[in-house]
Amino acid sequence: QKEVEQNSGPLSVPEGAIASLNCTYSDRGSQSFFWYRQYSGKSPELIMFIYSNGDKEDGRFTAQLNKASQYVSLLIRDSQPSDSATYLCAPLGTDSWGKLQFGAGTQVVVTP
Amino acid sequence: DTEVTQTPKHLVMGMTNKKSLKCEQHMGHRAMYWYKQKAKKPPELMFVYSYEKLSINESVPSRFSPECPNSSLLNLHLHALQPEDSALYLCASSQARGTDTQYFGPGTRLTVL
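Note that the protein sequences, when read in sequence, are chains A and B.
As numbered in our numbering, residues 286 to 397 make up the first sequence, in order.
As numbered in our numbering, residues 43 to 155 make up the second sequence, in order.
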């Protein structure tokens with residue numbers, strides 16, 4: 286079983302619609318969760334981080350966390366063509382490395 | 043300012059070459075990381091340097107050698123690489139290891155011939 290699971294996509298979303306990205310993780314001790322956006326050939330760019338159960342909103346992005354269900358999600362409202370990218374879910378691991386445990390990423394394609 | 047810089051942006055090298063990748067951050071962060079990312083795969087952690095201590099992913103071959111000249115610089119020395127080492131090499135930094143947001147540099151695209 287993978288430590289972090291994401292739907293690989295591609296997730297096709299009409300422009301202006303809501304894109305919903307899901308992520309489940311296996312490390313019950315994880316307390317910090319990060320979403321990165323990565324354009325093809327570029328480096329990951331931080332979109333959101335969330336530490337507490339519930340919702341966190343930042344502009345068009347909303348992160349949702351449910352630690353009991355080991356589930357974290359990202360909503361992108363009013364999707365734009367510039368949102369077309371791969372979105373990486375990354376819980377912070379609890380081992381001595383303190384490393385980000387990246388999921389495989391979900392590719393989002395926003396169609397005009 | 044959340045900037046991590048990396049040089050060079052692109053590097054092509056032969057299997058007998060020795061080269062170095064450089065990473066610098068001016069955010070006063072105390073932890074720096076090297077990741078390797080192959081196409082359509084997530085980044086894989088190679089090394090962590092934090093509070094003057096280096097942690098090494100045991101799966102990383104010895105032909106990769108990190109060096110931290112000071113708290114804002116992290117180099118990655120490359121020697122006798124293989125074509126399968128071709129990838130995007132990412133540097134990141136955070137305030138502290140294991141507790142904080144990691145910010146990534148633009149990466150170095152490495153091609154080994």
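Where is the CB? At the ideal position from N, CA and C, for every residue including glycine.
No experiment lies behind these values; they were computed from the predicted model shown.
Any chain A beta carbon closer than 7 Å to residue i
i	result
L132 (chain B)	yes
L87 (chain B)	yes
P148 (chain B)	yes
R105 (chain B)	no
Within chain B, partners of residue i - CB distance below 9 Å
i	result
G390 (chain A)	K82, K83, P84
L373 (chain A)	P84, P85
Beta-carbon separation (whole angstroms), residue i vs residue j, contact threshold 8 Å
i	j	result
L63 (chain B)	T150 (chain B)	5 Å
S311 (chain A)	Q365 (chain A)	The pair is not a contact, with the Cβ atoms about 33 Å apart (cut-off 8 Å).
I332 (chain A)	V357 (chain A)	Not a contact, Cβ separation roughly 12 Å.
S136 (chain B)	A73 (chain B)	5 Å
T379 (chain A)	S315 (chain A)	6 Å
Per-residue contacts from residue i into chain E (C-beta, under 9 Å)
i	result
W320 (chain A)	Checking the listed chains, one finds no chain E in this structure; the protein chains it contains are A and B.
Exposure of residue i, with buried meaning 16 or more beta-carbon neighbours within 10 Å
i	result
Y93 (chain B)	exposed
H119 (chain B)	exposed
T396 (chain A)	exposed
R139 (chain B)	buried
H71 (chain B)	buried
T58 (chain B)	exposed
Q144 (chain B)	buried
K384 (chain A)	buried
K95 (chain B)	exposed
I361 (chain A)	buried
P108 (chain B)	buried
Under 7 Å from the C-beta of residue i: neighbouring residues of chain A
i	result
T143 (chain B)	F319, L331, F334
Contact list for residue i against chain A, beta-carbon separation under 8 Å
i	result
R72 (chain B)	Per Cβ cutoff of 8 Å: no residues; R72 (chain B) is ~12 Å from chain A at best.
V102 (chain B)	In chain order: nothing, as chain A lies at least about 13 Å away.
V90 (chain B)	W382, G383, K384
CB contact check: residue i to chain B, cutoff 7 Å
i	result
K341 (chain A)	no
G383 (chain A)	yes
S328 (chain A)	yes
Residue i: contacting residues in chain B (beta-carbon distance under 7 Å)
i	result
F387 (chain A)	P84, P85
Exercise for review: Indicate whether the contact test is met: 3 or more Cβ pairs, each with one atom in the segment 49–66 of chain B and one in the segment 324–335 of chain A, closer than 8 Å.
Suggested key: no
Exercise for review: Decide yes or no for the touch test of the segment 82–92 of chain B against the segment 371–390 of chain A: beta carbon pairs closer than 8 Å, at least 3 of them.
Suggested key: With the cut-off at 8 Å, the segment 82–92 of chain B and the segment 371–390 of chain A touch.
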